[in-house]
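Have a look at the structure below before the remarks.
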Amino acid sequence: MPRITLPDGSHRDYDTPVTGVVIAGDIGERLLKSAIGIMVDGDIKDLSGVITSDSEVSIITEGRKKEEPSEEALYLIRHSCAHVMAEAIERVIPGTQLVYGPPTDQGFYYDIHFSDDRIISTDDFSSIEDHMKQIIAEDRPFQRYELAADEGLAKLREEGSKYKLDNAQRAIDAGSENLTWYATGEPGCDWEDLCRGPHLPSTGRIGAFRLMSVASAYWHGDATSDSLTRVYGTAFPHPAQLQTQLDRLEEARRRDHRVIAKKLNLFRIDETVGQGLVLWQPNGAVIRRELEEFIRMHLVATGYQMVYSPHVGKLDLYRTSGHFPYYQESQFPPLISSDFLKAVSDEGCSCADLSHRIDVGEIDGFILKPMNCPHHIKIFDAEPRSYRDLPVRLAEFGTVYRWEQSGELNGLIRVRGFTQDDAHIFCTEDQVYDEIQGCLELVKLVLSTLGLDDYRVRVGLRDDDNSKYAGDPQLWDQAEAACLKAASTLAVPFSKEPGEAAFYGPKIDFVVKDAIGREWQLGTVQVDYNLPERFDLKYTGADNIDHRPVMVHRAPFGSLERFIGILIEHYEGNFPTWLAPEQVRVLSISEKFVDYACAVKERLAAEGLRVTVDNSDERVNAKIKVGAQQKIPYLLIVGGRDAEAGTVSVRQRGVGDLGAVDLDRFISDITAEVSERRLPTVNEEDN
RNA sequence: GCUAGCGUAGCUCAGCGGUAGAGCUCCCGCCUUGUAAGCGGGUGGUCGUGGGUUCGAUUCCCACCGCUAGCUCCA
8 MPRITLPDGS
18 HRDYDTPVTG
28 VVIAGDIGER
38 LLKSAIGIMV
48 DGDIKDLSGV
58 ITSDSEVSII
68 TEGRKKEEPS
78 EEALYLIRHS
88 CAHVMAEAIE
98 RVIPGTQLVY
108 GPPTDQGFYY
118 DIHFSDDRII
128 STDDFSSIED
138 HMKQIIAEDR
148 PFQRYELAAD
158 EGLAKLREEG
168 SKYKLDNAQR
178 AIDAGSENLT
188 WYATGEPGCD
198 WEDLCRGPHL
208 PSTGRIGAFR
218 LMSVASAYWH
228 GDATSDSLTR
238 VYGTAFPHPA
248 QLQTQLDRLE
258 EARRRDHRVI
268 AKKLNLFRID
278 ETVGQGLVLW
288 QPNGAVIRRE
298 LEEFIRMHLV
308 ATGYQMVYSP
318 HVGKLDLYRT
328 SGHFPYYQES
338 QFPPLISSDF
348 LKAVSDEGCS
358 CADLSHRIDV
368 GEIDGFILKP
378 MNCPHHIKIF
388 DAEPRSYRDL
398 PVRLAEFGTV
408 YRWEQSGELN
418 GLIRVRGFTQ
428 DDAHIFCTED
438 QVYDEIQGCL
448 ELVKLVLSTL
458 GLDDYRVRVG
468 LRDDDNSKYA
478 GDPQLWDQAE
488 AACLKAASTL
498 AVPFSKEPGE
508 AAFYGPKIDF
518 VVKDAIGREW
528 QLGTVQVDYN
538 LPERFDLKYT
548 GADNIDHRPV
558 MVHRAPFGSL
568 ERFIGILIEH
578 YEGNFPTWLA
588 PEQVRVLSIS
598 EKFVDYACAV
608 KERLAAEGLR
618 VTVDNSDERV
628 NAKIKVGAQQ
638 KIPYLLIVGG
648 RDAEAGTVSV
658 RQRGVGDLGA
668 VDLDRFISDI
678 TAEVSERRLP
688 TVNEEDN
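Heads up: the first sequence at position 11 corresponds to 18 in the numbering used here, and the numbers run straight through without jumps.
Shown next, in the form of structure tokens:
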């Protein structure tokens, strides 16, 4: 006889097995009314599911309109809405085969196989949504029934559902004795779907939903398997919550770095130059240069040495490093001399032969470097090293090239040529831990200076797939231990991520939350015992014997491209003054005061500030509007009063009119703000 | 790479089987301006590229290129 323990610790004893409906009803009428499911010993269950043994339960409700819905409520609503959508799609588009329809963080999707002659597009959404609304209006109960495995498989076979049959088989292989279905309404009459559940009591409990997009997905996530169509939607208990979500998406669109960058002339990507290849316009170049300066200053202060290395290297170099064999797929194709190509072509060498001969090392050439480490290794190795020299820290803003899939490219976030704020530290085993610590400190400094204070850390470890990794397992163990130890000293949460290591070693990645809560992977620190081995690096120890150094790779920004892309979105283009391409614009209220405006500009420029004058024949209102649109931190309005008094009328971005300020005062304030790299003080509302 | 959508002036977009449109930008005038767009005029397009259907294609069809979303991938 089940004893039910409620979240407040109280008990209710029942003589017979009970359901959530009974429990909720016993607690109160209002609870029953808003109940949509039940947590039983930590698992989400149907409200109508039978509880036979002692359990800790809590009733899942749809929650209040103005509160964030609970994860569990969203799970139930979205999972159920996926069913409703699937039914509607089957009504609208004949010849579909359902595959898999789970809830996700943002909503839900259903993977569907469509017949060849009928595809789905967003044009179909309104009619699908109409059907969904009707199903919801009918408020049909979700009714669960079970069949024994054999019986269930036979049913699916009869229905000819290849994908559902596969799902069922996998469930059975995982130990299920029965297969479960959920009917939206009456089993046998209404629509139904093989499904583990749980679900809402009825369709009417879906308060608000929206179909979002169509995408392709592979069956089992396998690119060689069937291609399915994935239809995305989202659902909430209350319409206002859906609106909040849509507003959030709108906010993300407004912050899109590609849109802002176009308005502010930060960078271009020109298809005649190449996909994923960034052209930095002067304004964007200012931001990049300021960031480079900022980090360079810290590097020099913390014992790094700056180096330069070329953008290409010989194939053999990358065979030695392992890049070419391990990551050939994501490199630009090799550069081979045209004379040589002609010669092998005259021999009758086919493309396949050529590619094979390149792979096995019979043909040499160059590649655009996918990473900077081999070059830095050669710089380290250019002179004999003693233990007294270590650690050697070599840093470079090194531009690397990677052949990203075309569908992956995205503004500055994912590109084919990018510049890492890279460095490689060569040290003794004893120094590894301190060096990792130093790197972590640097990343923290960078993030806090830029106002990216909310972040977590992922430690990428190797998994069982040995073919992905190079090097001695024992060395891997050491490196992984060092990373975990260092991560645990950070005052932020960290997670272990098996399978996320680089091919040469484990890594510590920083995942940063931006102003609207999205996560981005930025800085990385990686420990590497493998490349020193591959390149036979040595230093002479105190014992006068050669030893193998350990390498630490690190890039606090990750890449300047991606980092700046994220900063654009984080600041919504409202860069702190030290980064702003144009820091000050002087607006003369009429032609008569252009001379004074120019004099003000000269004073500011002499302080190293980036300043222009707007002396166009426009009203000051128009000049302000334009200046605000261009997100310039300070607009100085100058007219007769200012010229006489030696003042400027300051208008600060996001703040407004600050009134007349003595020019000297303004200069000392702004130069302090810039040199301290102060963050914007106000949440900007400009557009 | 895959699926869907999209590609028209520098930008944002409308249009559509029958001579290519708007707003902003830009240029030229007028106004001489004090805190978020004064007024008038003008320049500007091989309608992504190449084929096809058609008397006629920016519009319909095919291929390619590029962009967007998602999938897969990301040293």
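Glycine included, C-beta positions come from ideal geometry on N, C-alpha and C.
From a predicted model like this one, the values you see are computed outputs, not experimental measurements.
Look at the alpha carbon of residue i and the alpha carbon of residue j, and state the distance between them as a whole number of angstroms.
i                 : j                 : result
arginine 684      : glutamate 614     : 16 Å
phenylalanine 404 : aspartate 550     : 36 Å
leucine 643       : arginine 303      : 32 Å
serine 474        : isoleucine 213    : 47 Å
glutamine 335     : tyrosine 116      : 34 Å
lysine 630        : arginine 658      : 12 Å
isoleucine 386    : serine 316        : 9 Å
glutamate 526     : serine 455        : 16 Å
tyrosine 578      : asparagine 417    : 19 Å
glutamine 288     : proline 583       : 19 Å
arginine 648      : leucine 665       : 15 Å
alanine 612       : lysine 520        : 36 Å
cysteine 380      : glutamine 444     : 20 Å
alanine 308       : threonine 251     : 47 Å
threonine 547     : glutamine 438     : 15 Å
glutamate 165     : proline 205       : 25 Å
threonine 3       : lysine 270        : Limits of the chain in this structure are 8 at one end and 694 at the other, which puts residue 3 out of reach.
alanine 604       : valine 593        : 6 Å
histidine 264     : phenylalanine 274 : 10 Å
aspartate 693     : leucine 457       : Model confidence at aspartate 693 stands at a pLDDT of 41, short of 50, so the residue's coordinates are unreliable; what they give is reported in the following sentence. For aspartate 693 and leucine 457, the distance between alpha carbons rounds to 20 Å.
glutamate 691     : glutamine 636     : Confidence in glutamate 691 is poor, its pLDDT being 45 and thus under 50, which makes the residue's placement unreliable; the coordinate value appears in the next sentence. Their backbone Cα atoms lie some 12 Å apart in a straight line.
Could you tell me the boundaries of the beta strand (DSSP E) in which residue i lies?
i             : result
aspartate 664 : 663-669
tyrosine 189  : 185-191
proline 505   : 501-505
valine 351    : No beta strand (DSSP E) contains valine 351, which is instead part of the alpha helix (DSSP H) from 345-353.
glutamine 528 : 526-535
Buried or exposed for residue i, going by 16 or more other Cβ atoms inside 10 Å?
i             : result
serine 220    : exposed
serine 502    : exposed
alanine 93    : buried
serine 595    : buried
histidine 318 : exposed
alanine 80    : buried
cysteine 434  : buried
arginine 465  : buried
leucine 449   : buried
proline 110   : buried
aspartate 621 : buried
What residues are listed by DSSP as bridge partners for residue i?
i                 : result
valine 645        : Ser595
asparagine 417    : Arg421
phenylalanine 121 : Thr103
cysteine 434      : Val557
valine 453        : Valine 453 is not bridged to any residue.
aspartate 240     : Per the sequence shown, the amino acid found at residue 240 is glycine instead of aspartate. Answer by DSSP bridge pairing, in chain order: Phe115, Leu218.
leucine 83        : Answer is none; leucine 83 lacks a bridge partner.
methionine 46     : Ile51, Ser65
glutamate 199     : Ala190
valine 314        : Answer is none; valine 314 lacks a bridge partner.
threonine 26      : Val57
leucine 235       : Ala224
Give the range of the alpha helix (DSSP H) segment to which residue i is assigned.
i              : result
glycine 291    : 289-308
alanine 509    : First-last for alanine 509: undefined, no H or E at that position.
arginine 364   : 358-366
isoleucine 374 : It is not in any alpha helix (DSSP H) - isoleucine 374 instead sits in the beta strand (DSSP E) that spans 373-375.
proline 158    : Residue identity differs from the one stated: residue 158 is glutamate in this sequence, not proline. Glutamate 158 -> alpha helix (DSSP H) spans 156-166.
lysine 140     : 132-144
(Q) Check whether the segment 328-346 and the segment 288-307 are in contact - that is, three or more C-beta pairs closer than 8 Å. (A) no
Q | Cβ pair count under 8 Å reaching 3, the segment 140-158 against the segment 273-285 | A | no
Q: Indicate whether the contact test is met: 3 or more Cβ pairs, each with one atom in the segment 484-493 and one in the segment 531-540, closer than 8 Å.
A: yes
Q: Could you tell me whether the segment 8-22 touches the segment 49-69, where touching means 3 or more Cβ pairs closer than 8 Å?
A: yes
Q) Would you call the segment 585-599 and the segment 556-563 in contact, with 3 or more CB pairs under 8 Å? A) no
**Q.** Three CB pairs or more closer than 8 Å across the segment 420-428 and the segment 563-574
**A.** yes
**Q.** At least 3 beta-carbon pairs within less than 8 Å: the segment 180-196 vs the segment 29-37
**A.** no
(Q) Does the contact criterion of 3 or more C-beta pairs under 8 Å hold for the segment 64-75 versus the segment 89-108? (A) no
Q: Report yes or no: do three or more beta-carbon pairs, one from the segment 168-181 and one from the segment 101-108, lie closer than 8 Å?
A: yes
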